[in-house]
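Student: Chains as they are written, first to last, in the working numbering: chain A, 440 to 659; chain B, 440 to 659. Glycine included, each C-beta is placed from N, C-alpha and C at the ideal position. These numbers were taken from a predicted model, which means no experiment stands behind them. For reference, the structure I am asking about is given below.
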DNA sequence: GCCTCCTTCGTACAGCGTACGAAAGTTGTT
DNA sequence: AACAACTTTCGTACGCTGTACGAAGGAGGC
């Protein structure tokens, strides 16, 4: 009707839709990603997207898969601890770049090919390092629990940036006077509000503690 | 207008609104909780709710606080490891009862009084056990990361129940033939699809591993 | 009787996902 | 050249969402 590219040679593709959806989610947050806003950012009309995806849920599934594709994949050859360390730090970094993805993990049920590939490679690395099947399952669950949980807490902080920690403490400050939360005050003043404090740096501490405890022998 | 209780003595209260919202979220999931559906379940009209809450976000904040109130609060007197164990298991159980709450944690910025009380009590217990301020912050972050991450993964599983694990494996089964994911198959068949397997039982394994590694002295 | 406050809620609006079907271009066949 | 078949785009409309605005009506004080 209006059309420059009405038919035959497609102007659009499923990949382009997902790519633009990723950019839009990064820019505006997951609530800013609507079919209408996505179509506008692509330069097309809402209903055109439905030729490439069945519904919005399929877009969200695709986004999760794109995010998994960004996480560094371990190789079965290398030293397992170093491989898991790299993977963990990469996963955290990716989830910090796409904080909306954490909430999506909860509701997706159809893992994409990149997701499966990633899991497969990680499991292969642990098995090759001598973990039994049982140990592998437990170690993987433990590591991912830590990674996702840390990312979740990080995403719940006010905003990324240097030291916006004064803001997270601000609403509590009002109740400071009552002396009702002395230990929260203690943590806030002596740790969180220190000028060079960055919560993200704490990730390595917990990760190393877990890796250290995860020797194949002791993970039974 | 229509009303049995039009004015003066309120039929409603903020607490009742939040209570009903909790029940509705448990019954229908967080997407089933709309202002209209909530009003209907209470037996009033949508706009009446806005006398008690400023907007829907305030309801969600209130729900998170209600959930925190359900988590067993540690006592500063007892043995810290046992206190943290109890708290962790309680938190996981509560988040399994209210799986929608996990996704809410990400987006809430205003902690409620119950949330603050809970944090305060947990911090107090760790400090009383001899953890330094720094160690306390790290230990707490580590424990909560694990708890939230585990709950998140648990919520991502198909449905609660005995052994619905065959379902989560089903979509992958199609790609079994290709031999592309041998380790996923291995885990699926030898661990996940075992008739008595319950992912929730794995929580204790990781928790004990973390608690063991968390001695105040070594947590520097 | 009236005035003021508390509480309820009817109406309306802009936004959402998407079902349905029409329109228009390209390609293949004759 | 004509026509059919297929691919791709998108206009319209429906039922849903949160909520701004303001009217309505009962309760208590004077």
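Answer with yes or no whether the minimum CB distance from residue 575/A to chain B is below 9 angstroms.
Tutor: At least one chain B Cβ lies under 9 angstroms of residue 575/A.
Student: How about the segment 517-534 of chain B and the segment 569-588 of chain A: do they share at least three Cβ pairs that are nearer than 8 angstroms?
Tutor: The segment 517-534 of chain B vs the segment 569-588 of chain A: no contact.
Student: Residue 627/A to residue 589/A, Cα distance in whole Å?
Tutor: Near 19 angstroms, if we compare the C-alpha coordinates of residue 589/A and residue 627/A.
Student: Is the segment 613-625 of chain A close to the segment 545-560 of chain A, with three or more CB pairs under 8 angstroms?
Tutor: As far as the Cβ criterion goes, the segment 613-625 of chain A does not touch the segment 545-560 of chain A, which means the pair count is below three.
Student: Ends of the alpha helix (DSSP H) at residue 616/B?
Tutor: Residue 616/B -> no alpha helix (DSSP H), and no H or E assigned at all.
Student: Closest to residue 474/A by CA distance: which of 573/A, 460/A, 508/A is it?
Tutor: Ranking the options by Cα distance to residue 474/A, first place goes to 460/A.
Student: Please look up how many angstroms separate the CB atoms of residue 501/A and residue 551/A, rounded, as I've assumed it's under 8 angstroms.
Tutor: Rounded, the Cβ-Cβ distance is 7 angstroms, consistent with contact.
Student: Along chain A, which residues have their Cβ under 9 angstroms away from the Cβ of residue 651/B?
Tutor: Near residue 651/B (Cβ distances below 9 angstroms), the residues of chain A are 652.
Student: Could you compute how far the alpha carbon of residue 528/A sits from the alpha carbon of residue 545/A?
Tutor: Using only the alpha carbons, I get a separation of about 21 angstroms.
Student: What are the uninterrupted segments assigned as beta strand (DSSP E) that are 3 or more residues long and contained completely in the segment 477-518 of chain A, given in chain order?
Tutor: Within the segment 477-518 of chain A, no complete beta strand (DSSP E) run reaches 3 residues.
Student: So, for residue 599/B: in the same chain, excluding its five sequence neighbours on each side, which residues have a beta-carbon less than 6 angstroms away from its beta-carbon?
Tutor: With a pLDDT of only 47 at residue 599/B, under the threshold of 50, the placement of this residue in the model should not be trusted; the figure read from the coordinates follows. Closer than 6 angstroms at the Cβ level, and outside the excluded window around residue 599/B, lies no residue.
Student: Which residue wins for smallest C-alpha separation from residue 507/A, given the options 478/A, 654/A, 540/A, 643/A?
Tutor: Cα-wise, what sits closest to residue 507/A is 540/A.
Student: Would you identify the three-state DSSP class for residue 578/A, choosing helix, strand or coil?
Tutor: Looking at residue 578/A - three-state DSSP - the assignment turns out to be helix.
Student: What's the gap between the Cα of residue 644/B and the Cα of residue 652/A?
Tutor: Cα-Cα distance, rounded: 12 angstroms.
Student: What span of residues does the alpha helix (DSSP H) with residue 643/B cover, start to end?
Tutor: Note, residue 643/B: alpha helix (DSSP H), 641-652.
Student: Is the Cβ of residue 548/A closer than 9 angstroms to any Cβ of chain B?
Tutor: By this cut-off, residue 548/A is an interface position.
Student: Provide the residue span of the alpha helix (DSSP H) that contains residue 456/B, from first to last.
Tutor: Its alpha helix (DSSP H) spans residues 453-467.
Student: Let me check understanding here. Comparing Cα to Cα, which of 629/A, 585/A, 563/A, 572/A lies closest to residue 619/B?
Tutor: Ranking 629/A, 585/A, 563/A, 572/A by Cα distance to residue 619/B puts 563/A first.
Student: Taking the alpha carbon of residue 482/B as the point to measure from, which residue in 472/B, 450/B, 635/B, 586/B has its own alpha carbon closest?
Tutor: Here the closest residue by C-alpha is 450/B.
Student: Is DSSP giving residue 561/A helix, strand or coil here?
Tutor: Reduced to three states, the DSSP call for residue 561/A is helix.
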